[in-house]
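Quick note: to get the working numbering, add 52 to the position in the sequence shown (first position is 1).
In this text, a Cβ means the ideal position worked out from N, Cα and C, and glycines have one as well.
Keep in mind it's a predicted model, so treat the numbers as computed, not measured.
Here's the structure, in structure tokens; my notes come after.
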Amino acid sequence: MCSADELVKSTDPLHPANLIPELCENMYRQGWVTGTGGGISIRDELKAYIAPSGVQKERIKPEDMFVLTVKDRKIIRAPGRGLKESACTPLFFNAFNIRGALSCIHTHSQNCVMATLLWGKEFRISHQEMIKGVRKAGMTDALTYLDTLVLPIIENTPNEEDLMEGMAEAMRKYPDAPGVLVRRHGIYVWGKYECKFKT
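So, in structure tokens, the structure goes:
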């Protein structure tokens, strides 16, 4: 076994290589992703663990994980089987670098797609019990029932990586937003801890 493979071997259920497949399967069961679409990344101080592209979300295994350095996005562990790094990778790194997030997901949730068709440049909602679980910027204090959750909506592009600049600009313009909606596509949402982005 290659020493890099040790990066994805752990008996700890909260290790990113174990947690990402579990979360991917849960997202699939919730209907937030279908087929191979969407993705998850969890990082620590030095390494980012990223689910691969082109694998059915409910079938991802720990050994399918890519591991990259946080500092310069260098791949330090790649799975075999000809798997590709997620096209979402540059966008996950937006969340890591701009927000200091430790986790980021991208889903093709039908509800998110519908929201982008009904609103213009931003989605706004308040006086909803569910926003009490959402944190400002995805990182700090939780919103209250009386607060307004505001998510910027950016236009989709033909290629995922081409969303990077638009997403970064929206994140800077909306510093309290815990995510960015992508019109006719889905959402990127991030959190301070590995499971906080689920809220």
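From this set, the options, which residue's C-alpha is nearest residue i's C-alpha?
i      : options                           : result
Gln180 : Leu201, Asn163, Asp57 and Met219  : Leu201
Cys164 : Leu203, Lys123 and Asp116         : Leu203
Ala229 : Leu59, Trp171, Ala194 and Gln108  : Ala194
Leu75  : Ser93, Leu59 and Arg133           : Ser93
Val122 : Ile112, Pro142, Gln108 and Glu115 : Pro142
Phe175 : Arg133, Val234 and Asn208         : Val234
Arg81  : Asp96, Ser155, Ala100 and Arg111  : Arg111
Val186 : Gly243, Pro73, Pro68 and Asp124   : Gly243
Ser155 : Asn78, Trp84, Ala100 and Val232   : Ala100
Lys109 : Glu115, Asn78, Glu217 and Gly238  : Asn78
Pull up the CB-CB distance for residue i and residue j, whole angstroms please, since I reckon it's below 8 Å.
i      : j      : result
Ile206 : Met219 : 6 Å
Leu71  : Pro104 : Contact flag wrong, Cβ pair sits at about 15 Å.
Phe144 : Ala130 : No, Phe144 and Ala130 are not in contact; Cβ-Cβ is about 16 Å, not under 8 Å.
Glu58  : Ile102 : No, Glu58 and Ile102 are not in contact; Cβ-Cβ is about 17 Å, not under 8 Å.
Ile128 : Ala56  : 6 Å
Determine the direct distance from the alpha carbon of residue j to that of residue i, and round the result to whole angstroms.
i      : j      : result
Arg236 : Thr168 : 6 Å
Leu66  : Cys140 : 22 Å
Lys225 : Ala153 : 17 Å
Glu212 : Ser62  : 31 Å
Phe249 : Tyr240 : Note that Phe249 scores a pLDDT of 49, beneath 50, so its modelled location is shaky; the value from the coordinates is reported in the next line. Approximately 9 Å between the Cα atoms of the pair.
Lys113 : His160 : 21 Å
Asp96  : Pro210 : 31 Å
Asp214 : Asn208 : 9 Å
Glu221 : Arg125 : 20 Å
Ala147 : Pro68  : 17 Å
Thr86  : Asp116 : 18 Å
Gly231 : Gly238 : 11 Å
Val60  : Met166 : 36 Å
Which residue comes first and which comes last in the beta strand (DSSP E) that contains residue i?
i      : result
Glu174 : Glu174 to Ser178
Leu120 : Phe118 to Thr121
Val241 : Gly238 to Gly243
Leu201 : Thr200 to Ile206
Arg112 : Checking the displayed sequence, the identity of residue 112 turns out to be Ile instead of Arg. Here Ile112 belongs to no beta strand (DSSP E), and DSSP marks it neither H nor E.
Ile72  : Looking at the DSSP string, Ile72 is not in any beta strand (DSSP E); the run it does join, the alpha helix (DSSP H), is Pro68 to Gln82.
Can you give me the Cβ contacts of residue i inside the same chain, cut-off strictly under 8 Å, excluding the 5 residues immediately before and after it?
i      : result
Leu198 : Ser178 and His179
Lys173 : Pro204 and Ile205
For residue i, which residues of its own chain have a beta-carbon under 7 Å away from its beta-carbon, when the five flanking residues on both sides are left out?
i      : result
Gly106 : Thr88, Leu135 and Lys136
Met53  : Residue confidence for Met53 is low, a pLDDT of 46 falling below 50, so the modelled location carries little weight; the figure read from the coordinates is stated next. No residues qualify anywhere along the chain.
Gly132 : none
For residue i, collect the residues of the same chain with a Cβ closer than 6 Å to its Cβ; drop the 5 residues on either side in sequence, then sort them by chain order.
i      : result
Asp64  : none
Ile183 : Leu195 and Leu201
Met223 : Ile150
Gly91  : Ala103, Ser138, Cys140 and His158
Lys188 : Asp228
Trp84  : Thr159 and Ser161
Over what stretch of residues does the alpha helix (DSSP H) that includes residue i continue unbroken?
i      : result
Thr49  : Only positions 53 to 251 of the chain appear in this structure, which leaves residue 49 out of reach.
Thr141 : Thr141 to Asn146
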